[in-house]
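Everything below concerns the one structure shown next.
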Amino acid sequence: MSGMSDPRRFIPRTDVLLADPRFGEPLSRLGRVRVKAALARAQRRAREGVIGPERVADSALAELRCSGPRRVVNATGVLLHTNLGRAPLSEAAVGAVWAASGTTDVELDLGTGRRGRRGRGALAALARAVPAAQAAHVVNNNAAALVLAATVLARGREIVVSRGELVEIGDGFRLPDLLVSTGARLREVGTTNRTSVADYAEAVGPETGFVLRVHPSNYRIEGFTATPGVRELAGLGVPLVADAGSGLLRPDPVLPREPDAATWLAEGADLVTASGDKLLGGPQCGLLLGRADVVERLRRHPLARALRVDKLTLAALEATLEGPPSPTVLALHADPEELLARARVLADRLADAGVQARAVPSSARVGGGGAPGVELPSAAVAVEERLAGPLRAGEPPVLGRAERGRYLLDLRAVAAGDDEVLFGAVVAACG
Ligand SMILES: *Cc1c(COP(=O)(O)O)cnc(C)c1O
Numbered sequence: 113m114s115g116m117s118d119p120r121r122f123i124p125r126t127d128v129l130l131a132d133p134r135f136g137e138p139l140s141r142l143g144r145v146r147v148k149a150a151l152a153r154a155q156r157r158a159r160e161g162v163i164g165p166e167r168v169a170d171s172a173l174a175e176l177r178c179s180g181p182r183r184v185v186n187a188t189g190v191l192l193h194t195n196l197g198r199a200p201l202s203e204a205a206v207g208a209v210w211a212a213s214g215t216t217d218v219e220l221d222l223g224t225g226r227r228g229r230r231g232r233g234a235l236a237a238l239a240r241a242v243p244a245a246q247a248a249h250v251v252n253n254n255a256a257a258l259v260l261a262a263t264v265l266a267r268g269r270e271i272v273v274s275r276g277e278l279v280e281i282g283d284g285f286r287l288p289d290l291l292v293s294t295g296a297r298l299r300e301v302g303t304t305n306r307t308s309v310a311d312y313a314e315a316v317g318p319e320t321g322f323v324l325r326v327h328p329s330n331y332r333i334e335g336f337t338a339t340p341g342v343r344e345l346a347g348l349g350v351p352l353v354a355d356a357g358s359g360l361l362r363p364d365p366v367l368p369r370e371p372d373a374a375t376w377l378a379e380g381a382d383l384v385t386a387s388g389d390k391l392l393g394g395p396q397c398g399l400l401l402g403r404a405d406v407v408e409r410l411r412r413h414p415l416a417r418a419l420r421v422d423k424l425t426l427a428a429l430e431a432t433l434e435g436p437p438s439p440t441v442l443a444l445h446a447d448p449e450e451l452l453a454r455a456r457v458l459a460d461r462l463a464d465a466g467v468q469a470r471a472v473p474s475s476a477r478v479g480g481g482g483a484p485g486v487e488l489p490s491a492a493v494a495v496e497e498r499l500a501g502p503l504r505a506g507e508p509p510v511l512g513r514a515e516r517g518r519y520l521l522d523l524r525a526v527a528a529g530d531d532e533v534l535f536g537a538v539v540a541a542c543g
């Protein structure tokens, strides 16, 4: 029945498709097996008449383009967006990951040819960044840091913690559940809005593993509130573990209310935990900074092996700490006037290209990674709200935020070098 006019005769052959230069990039990124499977699916769709034979290559290319994590332009005005992978890595960190991706000296001392301490470069960089820390250890994330601390210091014993600090981190993960899962018991003290040193002091005793202080990094309780400072809690005669969450290593004048590891250690915390991919702007990891004997106990525990980070993370962390400011730090410190100037240039160019666009002042924020309630003055390009879908479906996808009938493309979290990408994406979304 497939006569000369049957369009199925024109379905391109696999070897012909594989030789098409447009498949060079997917072939090197995804491999031959994956590409051939996509081609087979597209050819079948053509045989079934779902698409025309001339659409086979494009259909397979479209499927392959959506494979694997994709780069997304973050024009939401939220600097640290967990759904967008939190902190983008600096160029220095990307370069270090690349260099470390082959065989590397992660556990070898090239000077002596002997085994070296794993990740010593990253640890030395942490020591330089936070001189108040006698020692440092790096694990998979801040949750892992807390699990390790609770297991080693409080398993079968009590963690004394304020009721106002039993937080949910996000996606249903609750700090109290995480801590209890280690076999530690929680000894809750105080109330949601007020807890005093006396509350802690009364609860501390022979059963205490440590006192835990948690920084509420994704919400703020305002009004009639009280929480003792780290300095006061450090004087209770038991170890003090302080979860800084956001990962500031030193005070940052832009975020005066955000705690930092150096200050808390100077105030007497025995151990500070923090995330690497929040305000530090590095890879996902958990930092444990503090007293040498405590850090050494954690490092030696069998669980530490299960929570350890890979060579790529160590490379990225070291480069983030030693290299130029990370994209997150640059975004946090961006000058609102410069952001507005960039928005004006973009809006003018878009208008010239026939797109309805206007530069407007905007308000950005840090996001779940820290500084709840803090507004960062910013600037955005306002476009029609109907562009939200096409922008998200574009290449690269762009995420902005809907506000009062407009779609705002906030520039604070967009690197200046990406304005051109944003311009192209908006023009394409209108087309
Ligand atoms: C983000 C956060 C965590 C969890 O950190 P991860 O690195 O995502 O595991 C824990 N505690 C606080 C206070 C946080 O802000």
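Oh and the sequence shown: position 6 is 118 in my numbering, straight run, nothing missing.
Beta carbons: idealized from backbone N, C-alpha and C, even for Gly.
query = Cα separation between residue 388 and residue 454?
reply = Cα-Cα distance, rounded: 29 Å.
task = Have a look at 186, 203, 202 and 205 and flag the residue whose alpha-carbon is nearest the alpha-carbon of residue 196.
result = Nearest in C-alpha terms to residue 196, of all of 186, 203, 202 and 205, is 186.
ask   = Which residues in the same chain have their Cβ closer than 8 Å to the Cβ of residue 400, if we skip the five residues on either side of it in sequence?
value = Non-local beta-carbon contacts of residue 400 in its own chain, meaning distances under 8 Å to residues more than five positions away in sequence, involve 248, 249, 250, 251, 257, 260, 261, 383, 384, 385, 407 and 410 in chain order.
C-alpha distance - residue 156 paired with residue 531, whole-angstrom precision = Rounded to the nearest angstrom, the two C-alpha atoms are 40 Å apart.
ask   = CB-CB under 6 Å to residue 499, same chain, minus the five flanking residues each way: which ones, in chain order?
value = Non-local C-beta neighbours of residue 499 in its own chain, meaning closer than 6 Å and more than five positions away in sequence, comprise 519 and 541, ordered along the chain.
inquiry  = I'd like to know whether the C-beta atoms of residue 268 and residue 295 end up nearer to each other than 8 Å.
reply    = Contact: yes.
task = Could you tell me whether any non-hydrogen atom of ligand 1 is closer than 7 Å to the CB of residue 281?
result = Short note on residue 281: C-beta closer than 7 Å to some heavy atom of ligand 1.
message = Less than 8 Å between the C-beta atoms of residue 474 and residue 459, yes or no?
response = No, these two residues do not count as a Cβ contact at 8 Å.
task = Specify, as a first and last residue, the run of the beta strand (DSSP E) that residue 122 falls within.
result = Unbroken run through residue 122: none, as it is neither H nor E.
inquiry  = Can you determine whether any heavy atom of ligand 3 sits closer than 7 Å to the C-beta of residue 255, and answer yes or no?
reply    = Of the ligands one can find in the structure shown, namely ligand 1, none is ligand 3.
request  = Please state whether DSSP places residue 222 in a helix, a strand or coil.
outcome  = Note: residue 222 maps to coil in three-state DSSP.
query = I think residue 352 touches residue 381, with their Cβ atoms under 8 Å apart; what is that distance to the nearest whole Å?
reply = Contact flag correct, Cβ pair sits at about 5 Å.
ask   = Taking 7 Å as the cut-off, does the CB of residue 171 come closer than this to any heavy atom belonging to ligand 1?
value = Not so, every heavy atom of ligand 1 lies at least 7 Å from the Cβ.
inquiry  = Classify residue 398: buried if its beta carbon has 16 or more other beta carbons within 10 angstroms, exposed otherwise.
reply    = For residue 398, the number of other beta carbons within 10 angstroms of its own is at least 16, and it is reported as buried.
request  = Whole angstroms is fine: what's the gap from residue 281's alpha carbon to residue 317's?
outcome  = When rounded, the distance between both Cα atoms is 29 Å.
Close Cβ partners of residue 205 (< 6 Å) along its chain, the five nearest in sequence each way excluded = The residues are 428, 431 and 432.
task = Would you mind stating whether residue 244 and residue 377 have Cβ atoms separated by less than 8 Å?
result = A contact, by the Cβ cut-off of 8 Å.
ask   = Thinking just about the alpha-carbon of each residue, which of 184, 179 and 128 is nearest to the one in residue 504?
value = Ranked by Cα distance from residue 504, the options 184, 179 and 128 are led by 184.
task = Label residue 215 either buried or exposed according to how many other C-beta atoms from any shown protein chain fall within 10 Å of its C-beta, with 16 as the threshold for buried.
result = Residue 215 should be labelled exposed.
ask   = Taking Cβ to Cβ, would you say residue 485 is nearer than 8 Å to residue 198?
value = No, they are not a contact pair.
query = For residue 505, does the three-state DSSP call read helix, strand or coil?
reply = Correct three-state label for residue 505: coil.
request  = To the nearest angstrom, report how far apart residue 393 and residue 438 are at their CA atoms.
outcome  = Rounded to whole angstroms, the gap between the alpha carbons of residue 393 and residue 438 is 6 Å.
message = Quick check: is any heavy atom of ligand 1 less than 7 Å from the C-beta of residue 327?
response = Checking the Cβ of residue 327 against ligand 1 gives yes.
task = Identify whether residue 135 lies in helix, strand or coil by the three-state DSSP scheme.
result = Reduced to three states, the DSSP call for residue 135 is helix.
query = residue 477: buried (16+ other C-beta within 10 angstroms of its C-beta) or exposed?
reply = With 16 or more other Cβ atoms within 10 Å, it is buried.
query = Which runs of the alpha helix (DSSP H) spanning at least 4 residues fall entirely within the segment 191-240, listed in chain order?
reply = The segment 191-240 contains these whole alpha helix (DSSP H) runs: 203-212.
query = Hey, would you say the C-beta of residue 355 is under 7 Å away from at least one heavy atom of ligand 1?
reply = Indeed, a heavy atom of ligand 1 lies less than 7 Å from the Cβ.
query = Buried or exposed: residue 123, going by 16 or more other Cβ atoms within 10 Å of its Cβ?
reply = Answer is buried; the Cβ neighbour count reaches 16.
inquiry  = If I follow the unbroken beta strand (DSSP E) through residue 519, where does it start and stop?
reply    = Segment 518-522, the beta strand (DSSP E) holding residue 519.
inquiry  = My output table needs one value for residue 299: the three-state DSSP class, helix, strand or coil.
reply    = When secondary structure is reduced to three states using DSSP, residue 299 falls in the strand class.
Per-residue burial, residue 523 [other beta carbons within 10 Å of its own, 16 or more giving buried] = By the 16-neighbour rule on beta-carbons within 10 angstroms, residue 523 is buried.
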